[in-house]
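Protein chains: 2
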Amino acid sequence: MIKLDIVNAIVQKTNVTRTKAEQAVETVFEAMKTALGGGRRIELRRFGVFNVKPRKTGIGRNPRTGQQVNIPPGKAVRFKPGKELQTLPAASAKH
Amino acid sequence: MIKLDIVNAIVQKTNVTRTKAEQAVETVFEAMKTALGGGRRIELRRFGVFNVKPRKTGIGRNPRTGQQVNIPPGKAVRFKPGKELQTLPAASAKH
DNA sequence: GTTGACGATGTCGAGCTTTATCACGCGTGC
DNA sequence: GCACGCGTGATAAAGCTCGACATCGTCAAC
Chain A
13 MIKLDIVNAI VQKTNVTRTK AEQAVETVFE AMKTALGGGR RIELRRFGVF
63 NVKPRKTGIG RNPRTGQQVN IPPGKAVRFK PGKELQTLPA ASAKH
Chain B
13 MIKLDIVNAI VQKTNVTRTK AEQAVETVFE AMKTALGGGR RIELRRFGVF
63 NVKPRKTGIG RNPRTGQQVN IPPGKAVRFK PGKELQTLPA ASAKH
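Read top to bottom, the protein sequences are chains A and B. Numbering-wise, this note's numbering puts 58 at position 46 of the first sequence, and it's gapless, one number per residue. Numbering-wise, this note's numbering puts 99 at position 87 of the second sequence, and it's gapless, one number per residue.
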């Protein structure tokens, strides 16, 4: 699924034009990016929760050379699926 | 951040009514839930990627009794932040 | 205002995390 | 709509973190 699929879903579900739907989708992701960038948690009760967590990761590795590389500490965005996500039937990652 | 914040952002950014904005947000999450439930990958180029991965989790534990409980294998939704998410300045998980 | 999903605790095991490169698929510009 | 640009995947290894169950309280959603 790509962004266009979501836009189409909005167009079919609401009476807004495709342009408005695209703006809405971009606004949603932009707001989420801003919130996650600000370290704020996004809590959607029936969908899932995005929480930003500071990481103190230490050592990574280069798969081609096998050399250990130093990883500077940063932040990681973690998504926890909500109740409905767990309730949905498990699919074996169909393509 | 909660769903209402996203709805307000859409209302302010587009000319759609609040009702339409709410429908748009719900449609976005519903489409994402359906895709994730179907084991399909959601690819948002500038935002991030949601991919569903089967889990072979083994043993959980009851915090009150300390008893080991068997965890049946299921699926896990993993979110990988995109380029812009990594580019955003790290915040120390402000509240 | 009410309902109910989400958080945290706690232990133990398993999964996630890092970097890098080539190639391909997806997004965006024209 | 097509072509180009570029983001994404997979691998690998070691370290560190999450995950799940169960229950009460809080807060988001309706």
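Backbone N, C-alpha and C fix where the C-beta goes; we use that ideal spot for every residue, glycine too.
Those residues which DSSP pairs with residue i across a bridge
i, result
"A/L56", "A/G60"
"A/K65", "A/A88"
"B/V37", "Answer is none; B/V37 lacks a bridge partner."
Coil, strand or helix - residue i by DSSP
i, result
"A/G94", "coil"
"A/N27", "coil"
"B/I14", "coil"
"A/I71", "strand"
Environment of residue i [buried if 16+ CB atoms lie within 10 Å]
i, result
"B/K92", "exposed"
"B/T39", "buried"
"B/Q35", "buried"
"B/V81", "exposed"
"A/I71", "exposed"
"A/L16", "exposed"
Residue i versus residue j: straight-line alpha-carbon distance, rounded
i, j, result
"A/P84", "A/K65", "15 Å"
"A/R30", "B/A33", "14 Å"
"B/G94", "B/Q79", "39 Å"
"B/R53", "B/T77", "38 Å"
Selected residue, minimal CA-CA separation from residue i, among the options
i, options, result
"B/G60", "A/R73, A/F41 and A/G94", "A/F41"
"A/I14", "B/K95, B/F62, B/G78 and B/E55", "B/E55"
"B/K25", "A/V37, A/K68 and A/G51", "A/V37"
Proximity test, residue i beta-carbon vs the ligand ATP heavy atom, cut-off 8 Å
i, result
"B/V23", "This structure does not include the ligand ATP; it has no bound ligands of any sort."
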